[in-house]
Amino acid sequence: MNRWKNYRLNVGPIEVGMLISIVFQAEGPLPGIVSITPGCSCSSAKYNKDTMELTVKYRAESIPKHLRHQGWYLAGKKVTVLYTDKTTDVLSFIAKVTN
């Protein structure tokens, strides 16, 4: 059963330090949500049951030292949604972070 229109999104290129919003659209009303847990401190997430959208705010972190020579890296992040029926969904996104 698919609860979300997309479980994985490619947000394309973004710059270091940029704050973006990524929106996951539910297919329909969801069972009760117990928690929404972003995979890192660079992200936050909130579900709006009226619009049936989960909005993730993500701030692109600095390019890791070992990748600075190429000037970019791929950031892959996850958000876990836990429901009252004890099931979970893992939503993810990827972005190409550049200077």
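Quick note: to get our numbering, add 1109 to the position in the sequence shown (first position is 1). Virtual Cβ for every residue (Gly too), placed ideally from N, Cα, C. For clarity, every value in this text was computed on a predicted model and none was experimentally measured.
Beta-carbon spacing of residue i, residue j below 9 Å
i       : j       : result
Lys1186 : Cys1149 : yes
Lys1158 : Phe1133 : no
Ala1184 : Glu1170 : yes
Ile1142 : Thr1193 : yes
Ser1152 : Arg1177 : no
Leu1139 : Met1110 : no
Residue i - partner residues in DSSP beta bridges
i       : result
Glu1124 : Thr1207
Glu1162 : Gln1134, Asn1157
Reference residue i; option with closest CA among the options
i       : options                            : result
Thr1146 : Pro1138, Tyr1156, Leu1139          : Tyr1156
Ala1204 : Lys1114, Gly1126, Tyr1192, Asp1159 : Gly1126
Arg1117 : Thr1196, Thr1207, Thr1189, Lys1195 : Thr1189
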